[in-house]
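Asker: The structure's right below; bear with me while I get my questions together.
2 protein chains.
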Amino acid sequence: MSTLKNDLISLAKGAQDAFRNALTVPSDIKDAALLDMSAALLYSKAEIIRANKKDLSAARAAGRKGAFIERLVLDEKRIKAMAASLDDIAALPDPVDEVISSVRRPNGLWIHKVRAPIGVIAIIYESRPNVTADCIGLCFKSGNAVILRGGSEARHSNLAIYNALRSVLKKYGLPEAMISMVMTQDHKAVKELLKLNQYIDLAMPRGGESLIKAVVECSSVPVIKHYKGICHVFVDEWADLNMAQQICFNAKVQRPGVCNAMESMLVHRDVAARFLPAMIKQFKKAGVEIRGDVLTQKIGQRAVKKAREADYRTEYLDLILSVKVVNTLRDAIDHINEYGSHHSDSIVTDNYQNSLEFMRRVDSACVYTNASTRFTDGGQFGMGAEIGISTDKLHARGPMALEELTTYKYMVFGNGQVRQ
Amino acid sequence: MSTLKNDLISLAKGAQDAFRNALTVPSDIKDAALLDMSAALLYSKAEIIRANKKDLSAARAAGRKGAFIERLVLDEKRIKAMAASLDDIAALPDPVDEVISSVRRPNGLWIHKVRAPIGVIAIIYESRPNVTADCIGLCFKSGNAVILRGGSEARHSNLAIYNALRSVLKKYGLPEAMISMVMTQDHKAVKELLKLNQYIDLAMPRGGESLIKAVVECSSVPVIKHYKGICHVFVDEWADLNMAQQICFNAKVQRPGVCNAMESMLVHRDVAARFLPAMIKQFKKAGVEIRGDVLTQKIGQRAVKKAREADYRTEYLDLILSVKVVNTLRDAIDHINEYGSHHSDSIVTDNYQNSLEFMRRVDSACVYTNASTRFTDGGQFGMGAEIGISTDKLHARGPMALEELTTYKYMVFGNGQVRQ
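Structure, rendered in structure tokens:
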């Protein structure tokens, strides 16, 4: 067996053992450790910034700039934000051992459905070094062991953050392997790691489409995908057009580079001529490129480029918008189910039936009436923290926070019952 | 593209369309259709038995006998039981559109977490033709489209049941593709089907270990495994030994061929000499072969064969039992987590701390104190029906019934909210 494979097996096995050994750690110990991790981050500030400078010069030397550098950089403000986020996680209720439901059976068996940690979670991620602290905090609080594998572009930063947080475990007598990191830069490491389904219970890729595809393809560990967001707003014939304009503008422009931003706008044909001119004007003023179907082009004239079929399947993550005029509510729903990514979709309408019809028939994680798709977010949903937004349907759908990092088990209390 | 592939794509796409079209079918229509399906089964009794006779003669011609034939055979009693099970499913509450939780955010957004069908579920199964009716009933009630692929040994029986149930859909104006079956006997069909993750949302294999392994290996559709049950009972030093004997006997002997039967018995060394002699005697009388470690052999003498390491990892599904004497509670827990299959494990004890320690540290779907592992079952847990017992940790764990065949979505009601 190769050294790489051996090393990864011992890492993963160590994580599984640590998870089992930490199964009964009480909430107050975990919360105290989280607050200490937050303090350790601030205490190691200079070291983290020094490490980050190494990553930044390597990135610049490799010709990286703009958004890439912006995502990579760590300054005092960002380190404070990471620390504050750990404080927030400490303050959230512990999901572990919560009794979800309970039933007393006629034979006297008392059956509790109880939340439990999943086990060992591998996080494969890119760029932003703050993911390191967030994932450690959320996995640790929910009783899971975490194995981190960040991108090589941030390796010094990730390591410095990891060292600061992990150092706290020993002080509390907790197994250090609750938090581990794949150190080798060998590109085969991820592939080998994700074969170890006897030790690793869940893999979560966080990053671009190509990273997610690569993880899904090679993993024999179950994966929860945080895939692309092709989000729609549908302006219904019964929409308050003023409200529709505000919602569409917000969904597209407020932060175009994120997964819950609108990528495609659908407009009912009966309001298209009244709605589109002012809307297009506002978008153009904000620098939004518009790609529309024939009717949208007719209304918007030279302000609207021709949309190709592929545009309706594209996550631009940029100031570009595809637009389509549809004949009926049902056409809008069918379009979204066919072209969307089942992430977040909104209808603007004052019609009761149309609202419910849309919310029930659109097969997406989050469906809205009269609100911007930009609200799909753990914080905005009141979950207090977020490890990602699942576009899968199994286990977790939509924003994932502490509860979504748990499974459950049945604890059955008897007094001698046997099956007849 | 091959004809097989084309046929399967059109089958799977049809199922996905049917699922979407049936998304708003109310519970009373579904329940009326289920009762009609039950009636259709009874009405088609003669036809089903005729079809079953074809399968039975083919099986006998192939030299099959005993348990294989027993599982395959359909008589009036079994058809009535299938019909009664559909009646039961009709009487269960509809999980779809149940509001799991609800939150009003400070900005006025009203967020409902609502249960929703998963979509298209493929069931790959063997032998027992009653699985056909059960799976159709449970998937239909929970709003999912189902694609069935039974074993060739039961193909005439499965087809007759399927035809009877499916014929009801048209009467209610429901899309017939809500229920479909892979008809070809081509062995490549399963492999091709499970590549269609754009149309199929979940695959559930039901059958032996080799079937499950084959499905997991080839599937790009998410799989929930119903894997083997290596279930333990641990007789603690604080056990009521009389109760322990009754529980162990029940767990092993009452129905040895099922996944929640005990395969391995662990005994604390301090009670081994008092507990084992009478227990072994009772087992021997019932025809149970005992394979034990050195201490068990010493106590049981010639009544106990030598257990090899592999015995502790074996699901016998038969009147065979592995036995081990352990030094501590923690040794028992570690053994179960290492050798077990995370299915169902029980401790017999009168010690409060030991009970909780066992229930929290044993990483299994169902953990018991002072009861037989045989209770791990949807019916026994009060779920009213069961589609299987998941040994996975994600999405569903333990007995799976209607609720476990659903996902959820967030329905967000606003009045013009945009993100700041």
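Sequences listed follow chains L and D, in order. Quick note: the first sequence uses this note's numbering, first residue 1, plus one each step. Quick note: the second sequence uses this note's numbering, first residue 421, plus one each step. By construction, the Cβ of each residue, glycine as well, lies at the ideal position given by its N, Cα and C atoms. Note that the structure is predicted; figures quoted are calculated from it, not measured.
Pick helix, strand or coil for L/Q254, following the three-state DSSP scheme.
Answerer: coil
Asker: Could you name the residues that DSSP lists as bridge partners for D/G808?
Answerer: D/M820
Asker: How about the segment 432-449 of chain D and the segment 590-606 of chain D: do they share at least three Cβ pairs that are nearer than 8 Å?
Answerer: Yes, they touch.
Asker: Could you pull out every residue in the same chain whose Cβ sits closer than 6 Å to the Cβ of D/C786, ignoring the five residues on either side in sequence?
Answerer: S764, T796 and G818.
Asker: Roughly how many whole angstroms lie between the Cα atoms of L/A286 and L/L86?
Answerer: CA-CA distance, L/A286 to L/L86, rounds to 36 Å.
Asker: With a threshold of 7 Å between beta carbons, is D/K485 in contact with chain L?
Answerer: Taking Cβ atoms only, chain L never reaches closer than 7 Å to D/K485, which makes this a no.
Asker: Let me see if you follow: with CB-CB separation under 7 Å, is L/D201 close to chain D or not?
Answerer: yes
Asker: With three or more beta-carbon pairs closer than 8 Å as the criterion, would you say the segment 526-540 of chain D touches the segment 489-497 of chain D?
Answerer: no
Asker: Taking C-alpha atoms, which residue in D/Q436, D/Q717, D/F703 and D/N771 lies nearest to L/F413?
Answerer: Among D/Q436, D/Q717, D/F703 and D/N771, the Cα nearest to that of L/F413 belongs to D/N771.
Asker: Taking the alpha carbon of L/A90 as the reference point, which residue from L/I136, L/K30 and L/I111 has its own alpha carbon closest?
Answerer: L/K30
Asker: Compute the distance between the beta-carbons of L/I111 and L/V99, then report whether it is under 7 Å.
Answerer: No, the pair does not count as a contact, with Cβ atoms beyond the cut-off.
Asker: Give the single residue among L/L329, L/G379 and L/H342 whose Cα lies nearest to the Cα of L/F358.
Answerer: L/L329
Asker: Please go through the same chain and pick out, in chain order, the residues whose beta-carbon is closer than 6 Å to the beta-carbon of L/S101, but skip the five residues on each side of it.
Answerer: K113
Asker: Determine the extent of the beta strand (DSSP E) in which L/R313 is found, giving its start and end residues.
Answerer: Counting along the chain, L/R313 falls outside any beta strand (DSSP E), and DSSP gives it neither H nor E.
Asker: Do the segment 291-301 of chain L and the segment 219-233 of chain L touch if we need at least three Cβ pairs shorter than 8 Å?
Answerer: With a cut-off of 8 Å on Cβ pairs, the segment 291-301 of chain L is not in contact with the segment 219-233 of chain L, counting fewer than three such pairs.
Asker: Could you tell me whether the Cβ of D/T827 comes closer than 7 Å to any Cβ of chain L?
Answerer: yes
Asker: Give, in chain order, every residue of the segment 611-638 of chain D whose Cβ lies closer than 7 Å to some Cβ of chain L.
Answerer: D621 and L622
Asker: Buried or exposed for L/M411, please, with buried defined as at least 16 other CB atoms from any protein chain shown within 10 angstroms of its CB.
Answerer: buried
Asker: Below 7 Å on C-beta distance, what does D/A785 contact in chain L?
Answerer: K409 and Y410
Asker: Suppose only complete runs of 3+ residues qualify. What are the beta strand (DSSP E) ranges in the segment 650-694 of chain D, listed by chain order?
Answerer: Runs of the beta strand (DSSP E) inside the segment 650-694 of chain D: 651-655 and 682-688.
Asker: Have a look at the DSSP bridge pairing and note the partners of L/V99.
Answerer: L/V114
Asker: How far does the beta strand (DSSP E) with D/K744 in it extend, from its first residue to its last?
Answerer: In this chain, the beta strand (DSSP E) harbouring D/K744 covers I740 to V746.
Asker: Going by DSSP, what residue range makes up the beta strand (DSSP E) through D/T826?
Answerer: T826 to Q837
Asker: Within the same chain, show all residues whose beta-carbon is closer than 7 Å to that of L/K13, passing over the 5 residues directly before and after it, in chain order.
Answerer: Y199
Asker: Which residues of chain D have a Cβ atom closer than 7 Å to the Cβ of L/T24, listed in chain order?
Answerer: R780 and R781
Asker: Between D/Y788 and chain L, is there a C-beta pair that is closer than 7 Å?
Answerer: yes
Asker: Quick one: residues in its chain with C-beta nearer than 8 Å to the C-beta of D/A805, no 5 flanking neighbours on either side, listed in chain order?
Answerer: S505, D508, I509, L512, D554, G557, L558, G798, G799, A821 and L822
Asker: Output the distance between the C-alpha atoms of D/D656 and D/Q773, rounded to the nearest integer angstrom.
Answerer: 12 Å
Asker: Could you check which residue in L/G416, L/V25 and L/N415 has the C-alpha nearest to that of L/N144?
Answerer: Ranking L/G416, L/V25 and L/N415 by Cα distance to L/N144 puts L/V25 first.
Asker: Below 8 Å, can you find three or more Cβ-Cβ pairs linking the segment 388-397 of chain L to the segment 263-282 of chain L?
Answerer: no
Asker: So which of L/F249, L/Q254, L/H342 and L/V223 has the shortest CA-CA distance to L/I280?
Answerer: Nearest C-alpha to L/I280: L/F249.
Asker: Run through the segment 470-512 of chain D for me and flag every whole alpha helix (DSSP H) of 4 or more residues, listed as ranges in chain order.
Answerer: Entirely contained in the segment 470-512 of chain D, the alpha helix (DSSP H) runs reaching 4 residues are, in chain order, 487-492 and 496-511.
Asker: Give the residues from the segment 813-826 of chain D that approach chain L closer than 9 Å (Cβ to any Cβ), ordered along the chain.
Answerer: K813, L814, H815, A816, R817, G818 and P819
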